[in-house]
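Numbering (the numbering used here), first residue to last: 80 to 651. Built from N, CA and C at the ideal position, the CB exists for glycine as well. Quick caveat: nothing in here was measured; it's all calculated off a predicted structure. Scroll down for the structure; my scribbles are underneath it.
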């Protein structure tokens with residue numbers, strides 16, 4: 080081996096061992112995650128080093144939290160996590176698709192082709208050698224026979240042809256959705272429901288469907304990309320998961336810091352600002368010198384006067400807009416407000432909150448209107464937002480401030496409630512995936528029939544049309560790719576406790592008749608996904624088909640695994 084010449088102590092896996100290492104790693108990761116797929120999937124319990132427990136069936140969470148050491152499995156996991164970052168879902172599907180591609184490839188590479196030469200004719204058959212000796216006994220025309228191992232490049236070429244054909248089929252198979260100024264809300268609900276039911280139990284998923292869809296439509300602006308960061312996901316550990324609700328406004332995770340300020344205010348002007356209302360030390364190394372107590376006192380008074388002047392300007396604006404009315408005035412500041420300033424604001428009847436998160440400053444402007452100001456000079460009523468109700472909610476030692484009844488919100492809060500941290504974490508992961516699925520549908524303006532319908536239809540298309548148009552051994556790669564597509568409906572059936580062979584035979588039979596059907600996970604019978612409202616994201620399917628064969632091809636073409644880096648040389 081050439082590497083041994085370069086370094087006799089190098090750790091190397093040869094071609095056969097490297098290939099089997101990659102295939103076994105892909106199959107191992109597939110076996111870990113495949114039981115989580117679909118609404119009937121099971122849940123994994125992750126136990127940390129300190130004994131902390133996390134319950135989840137989200138593939139992205141599992142791949143990030145699990146301690147994976149095999150380099151091939153790490154590579155596949157990173158691909159699947161990137162899938163979630165790009166499209167927000169499809170992590171588990173990506174892993175099991177790559178694993179199935181490797182498993183199907185293993186069948187063809189391990190079995191090899193039996194080559195039988197009779198005179199000038201050469202037969203390639205995938206049969207057992209002993210059987211072929213019986214079928215073709217030695218005769219005068221016999222020249223020779225043997226096993227020819229298939230090169231992975233043959234399968235990779237077939238993968239590439241199948242991938243392009245499947246992507247083209249996906250373009251024709253997708254269902255267009257019209258997304259104008261008034262999107263098809265029912266279609267968005269069906270997409271969100273399909274996603275959420277794979278993460279949560281059915282009743283909770285159906286309740287969260289309306290919340291997720293309304294949240295995305297709330298922040299959506301015509302001709303602008305949807306920024307999901309404008310949906311604040313806040314949690315409170317109380318009550319039950321079904322008490323989760325959408326707040327068309329904002330929920331801040333802190334309250335006012337003065338006992339005399341109102342805990343509930345109606346008809347409120349909202350001033351969003353990033354102004355220091357406390358004495359701050361200079362950023363440079365500066366010093367003040369005085370020779371007697373009077374000079375020191377004068378300096379302290381001057382410092383206080385500067386801060387008080389800013390507070391007075393805010394009070395003047397409040398008096399300007401609120402005098403003679405029953406309206407209230409709320410200040411939400413990103414920087415600090417010291418106790419003397421809080422006292423002045425409380426005397427003026429102003430509710431003040433300090434140290435708000437920067438992201439919430441953006442959300443406040445979008446929810447309430449107005450502008451975020453960085454200076455109190457030249458304040459005008461145009462800078463102010465509006466909220467019909469601002470109130471404080473105390474939960475144990477924690478305080479929350481609700482800003483509700485805003486006029487034209489373009490930012491909102493999903494308030495997740497649950498009895499424990501496990502429930503809250505599960506709901507939070509599911510809500511994020513649901514938001515991404517609705518966003519993808521609006522941007523793609525298309526959906527794909529779910530319940531395994533696309534995979535079965537694409538497989539039949541590859542077998543009945545694409546494979547017949549290709550000559551040579553690349554057909555084997557197309558066959559392997561087509562069979563790998565069936566891993567999704569097979570896994571859905573297996574996780575539902577159904578007979579996978581009966582289900583696949585039933586589905587393929589219906590597709591051959593021209594019927595587009597998916598799997599009913601309760602009975603195993605074919606169903607029309609469109610009638611049942613089961614839709615997947617077009618972007619997710621496209622990304623799975625794009626990324627899966629690429630990673631599988633790279634792993635199949637690895638002919639040596641070499642330990643690299645400074646530790647390559649073994650200590651003598």
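Should residue 534 be labelled buried (16 or more other beta-carbon atoms within 10 Å of its own) or exposed? buried
Pull the bridge partners of residue 598 from the DSSP assignment, please. 605
Quick check: what's the CA-CA separation for residue 553 versus residue 544? 14 Å
Jot down the residue ranges of each uninterrupted beta strand (DSSP E) in the stretch 407-485, minimum 3 residues, whole runs only, in chain order. 407-412, 429-432, 464-474 and 477-483
Look at residue 116 and residue 174 and say whether their C-beta atoms are less than 7 Å apart. no
CA-CA distance, residue 429 and residue 394? 8 Å
Looking at the ligand COA, does it come within less than 6 Å of residue 368, judged from the CB to the closest heavy atom? Only the bare structure without any ligand can be found here, which leaves the ligand COA out of the picture.
Quick check: the Cα distance between residue 610 and residue 633, rounded to an integer number of angstroms? 40 Å
Using the Cα positions of residue 630 and residue 557, report the straight-line distance between them to the nearest angstrom. 16 Å
Comparing C-alpha positions only, which one of 102, 233 and 532 sits nearest to residue 551? 233
Taking 6 Å as the limit between beta carbons, can you name the residues of its chain near residue 409, skipping five residues before and five after? 347, 349, 430 and 469
Anyone know if the C-beta pair for residue 620 and residue 527 falls short of 7 Å? yes
By the 10 Å Cβ neighbour count, where 16 or more other Cβ atoms means buried, how is residue 548 classified, buried or exposed? exposed
Just to confirm before moving on: does the CB-CB distance between residue 318 and residue 496 stay below 7 Å? yes
Tell me whether residue 587 sits in a helix, a strand or coil according to DSSP, three-state version. helix
Inter-residue spacing [alpha-carbon to alpha-carbon] between residue 437 and residue 411: 11 Å
Indicate whether residue 140 and residue 313 have their beta-carbon atoms separated by less than 7 Å. no
Which term fits residue 461, buried or exposed, when burial requires 16 or more other beta carbons within 10 angstroms of its beta carbon? exposed
Residue 513 versus residue 423 - alpha carbon distance: 45 Å
Would you call the stretch 123-132 and the stretch 566-580 touching, i.e. three or more CB-CB distances under 8 Å? no
From the DSSP output, in three-state form, read off residue 301 for me. coil
Identify every run of the beta strand (DSSP E) within the stretch 117-145, keeping only runs that are complete inside it and at least 3 residues long; order them along the chain. 123-126 and 132-135
Who are the near neighbours of residue 269 in its chain, counting only those whose CB is closer than 6 Å to its CB and skipping five residues on each side? 612 and 614
Around the Cβ of residue 665, are there at least 16 other Cβ atoms within 10 angstroms (buried) or fewer (exposed)? Any property of residue 665 remains undetermined from this structure, which presents the chain solely from 80 to 651.
Per-residue DSSP class, three states only, for residue 252: helix
Helix, strand or coil: how does DSSP classify residue 108 here? helix
Where the beta strand (DSSP E) containing residue 348 begins and where it ends: 343-352
If we call anything under 7 Å between Cβ atoms a contact, is residue 538 one with residue 572? no
Please tell me whether residue 320 and residue 132 are closer than 7 Å, where the distance is taken between their beta carbons. no
From which residue to which residue does the alpha helix (DSSP H) around residue 397 run? 372-401
With 16 other Cβ atoms within 10 Å as the buried cut-off, status of residue 404: exposed
Below 8 Å on the Cβ atoms is my contact criterion, and I expect residue 187 with residue 635 to pass it. Report the Cβ-Cβ distance as a whole number of Å. Not quite, the Cβ-Cβ distance comes to about 10 Å (not below 8 Å), so this is no contact.
Check whether the Cβ atoms of residue 682 and residue 488 lie closer than 7 Å to each other. Only positions 80 to 651 of the chain appear in this structure, which leaves residue 682 out of reach.
Inter-residue spacing [alpha-carbon to alpha-carbon] between residue 389 and residue 356: 7 Å
How is residue 495 classed by DSSP in three states: helix, strand or coil? strand
From residue 244 to residue 530, what distance separates their C-alpha atoms? 21 Å
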